[in-house]
Amino acid sequence: MEGHQRNLSLYERFNARVVGVSRDDVKTLKDWAKSLDVTFPLLSNVTGFLGSAFDVKPTNELKYYPLFGRRTIIIDKKGIIRYVRDGSPDFKDILLFLKKLNQEGLSGPTTGGKP
Amino acid sequence: MKRNGVVILSIVLALFWLSGCTSMEASKKVPYTLTPQGTVVWENELEFKPPPSGWKLIRVEEGGEFGFGFLKKEPGPFPCQTMFVYDEDPFGVSTRLEEREQEFLRRFLWNACLQMQVLEKKEMKVFGGEGLAVVVEGKDPVKKEKAKSKIVFGKRGDRVVSFYMTQWRPLDGTFDHSAFDTFDQFVASFKFLKKSFYETL
Chain C
0 MEGHQRNLSL
10 YERFNARVVG
20 VSRDDVKTLK
30 DWAKSLDVTF
40 PLLSNVTGFL
50 GSAFDVKPTN
60 ELKYYPLFGR
70 RTIIIDKKGI
80 IRYVRDGSPD
90 FKDILLFLKK
100 LNQEGLSGPT
110 TGGKP
Chain X
0 MKRNGVVILS
10 IVLALFWLSG
20 CTSMEASKKV
30 PYTLTPQGTV
40 VWENELEFKP
50 PPSGWKLIRV
60 EEGGEFGFGF
70 LKKEPGPFPC
80 QTMFVYDEDP
90 FGVSTRLEER
100 EQEFLRRFLW
110 NACLQMQVLE
120 KKEMKVFGGE
130 GLAVVVEGKD
140 PVKKEKAKSK
150 IVFGKRGDRV
160 VSFYMTQWRP
170 LDGTFDHSAF
180 DTFDQFVASF
190 KFLKKSFYET
200 L
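Structure representation (structure tokens):
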């Protein structure tokens with residue numbers, strides 16, 4: 000997440016924005032964001048349905064409380080998932096992909112979900 | 000208001016966000032060449048004077064906190080060892096060195112639970128430009144260990160890069176200052192042979 004924060008100006012250059020998702024509660028995320036100077040939105044998804052929706056592989060660290068691994072997903076302005084990577088984010092790879100998307104014109108202003 | 004169309008969804012659903020343990024393993028592919036002048040050219044991008052024999056090269060294969068560095072196991076009981084690295088993305092986000100140093104120290108060796116104390120802080124030239132060097136020391140009375148670190152911040156383009164070295168000793172051990180001299184020589188010899196990824200993006 001800190002790596003994304005370092006790259007915010009580059010994401011802006013490529014018309015991209017970043018959102019973090021976690022199963023932690025809102026209070027925990029607020030404190031965590033403050034401790035790391037993270038300014039982009041963090042979504043608290045305590046039930047973890049987003050993990051399932053994005054097919055993130057659960058880990059076996061805690062029985063009866065599935066934790067999820069790290070996954071980076073890039074969604075273009077049409078709402079199509081264009082990039083998926085498990086594990087730690089490869090920031091250079093992400094930036095090169097965003098640059099390519101921007102050149103293709105797939106990272107411009109959205110229609111806000113309307114046709 | 001401008002709306003951006005691409006969303007990077009970074010899903011980190013594990014509770015242990017900050018518990019990233021870094022595995023270090025020597026790469027199978029040799030990423031460097033030796034020059035007749037006795038320096039090392041690293042991935043055709045960096046050049047530096049390598050430490051003397053006894054220092055083992057360490058690299059992070061994936062998702063690491065640093066690019067590469069050197070480790071020396073030293074005589075004496077655990078945890079006698081010293082490691083120094085070059086890090087293109089040090090902890091923190093600020094591009095101002097003074098702020099970055101404070102952000103960095105909030106995270107540096109956080110899982111070692113050491114109470115770090117700043118012993119020395121001074122501005123210096125790094126890569127011919129602005130730089131900042133900090134020496135810190137911390138003790139763990141429970142594990143009966145202590146560590147002394149030197150961190151050097153510099154700029155590569157607009158981004159902050161760093162070098163840092165940590166020497167571990169038992170609580171009643173003595174620090175070896177010659178290792179810090181080796182580190183200083185490494186930093187002083189370090190130069191970039193071409194622009195960084197971020198400068199050419």
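Keeping their order, the protein sequence lines are chains C and X.
Residue numbers are given in numbering that gives the first Met the number 0: position 51 of the first sequence equals residue 50, and the series is strictly consecutive.
Residue numbers are given in numbering that gives the first Met the number 0: position 117 of the second sequence equals residue 116, and the series is strictly consecutive.
Using N, Cα and C, we set each Cβ at its ideal position, and we do this for glycine too.
Its chain contains no residue whose beta carbon lies nearer than 7 Å to that of residue 12 (chain C) once the 5 sequence neighbours on both sides are disregarded.
Residue 76 (chain C) and residue 100 (chain C) have their C-alpha atoms some 10 Å from each other. Straight through space, the alpha carbons of residue 116 (chain X) and residue 73 (chain C) are spaced by roughly 41 Å. Taking a Cβ-Cβ cut-off of 7 Å, the neighbours of residue 196 (chain X) in chain C comprise 91, given in sequence order. With fewer than 16 other beta carbons inside 10 angstroms of its own, residue 109 (chain X) counts as exposed.
In chain order, 1, 4, 5 and 36 make up the part of chain C whose C-beta sits under 7 Å from the C-beta of residue 92 (chain X). Residues of the stretch 65-81 of chain C with a C-beta atom less than 7 Å from some C-beta of chain X are 66, 67, 68, 69, 70, 71, 72, 73, 74, 75 and 76, listed in chain order. Annotated three-state conformation of residue 91 (chain C) is helix, per DSSP. No Cβ-Cβ contact shorter than 8 Å links residue 69 (chain C) with residue 51 (chain C). Looking at the DSSP output, residue 167 (chain X) shares a beta bridge with X:80 and X:146. Excluding the 5 residues flanking it on each side, residue 51 (chain X) has same chain C-beta neighbours closer than 8 Å at 181, in chain order. For residue 86 (chain X), not one C-beta of chain C is nearer than 8 Å to its own C-beta.
Counting of Cβ neighbours within 10 angstroms places residue 37 (chain X) among the exposed residues, the total staying below 16. DSSP places residue 20 (chain C) outside any alpha helix (DSSP H); the residue lies instead in the beta strand (DSSP E), whose first and last residues are 15-21. Note that the stretch 40-60 of chain X does not touch the stretch 140-158 of chain X; fewer than 3 beta-carbon pairs, one per stretch, sit closer than 8 Å. Assignment of beta-bridge partners to residue 86 (chain X) by DSSP yields X:161.
At the C-beta level, residue 44 (chain X) and residue 162 (chain X) stay beyond 8 Å of one another.
For the 8 Å CB-CB criterion, residue 131 (chain X) and residue 103 (chain X) do not form a contact. Distance from the CA of residue 43 (chain C) to the CA of residue 136 (chain X), rounded to the nearest whole angstrom, comes to 37 Å. By the rule that beta-carbons nearer than 8 Å mark a contact, residue 104 (chain X) does not touch chain C. Not flagged as an interface residue toward chain X: residue 45 (chain C), since no C-beta distance is shorter than 8 Å. The beta carbon of residue 200 (chain X) falls within 8 Å of a beta carbon belonging to chain C, placing the residue at that interface.
Between residue 187 (chain X) and residue 71 (chain X), the CB-CB gap reaches or exceeds 8 Å.
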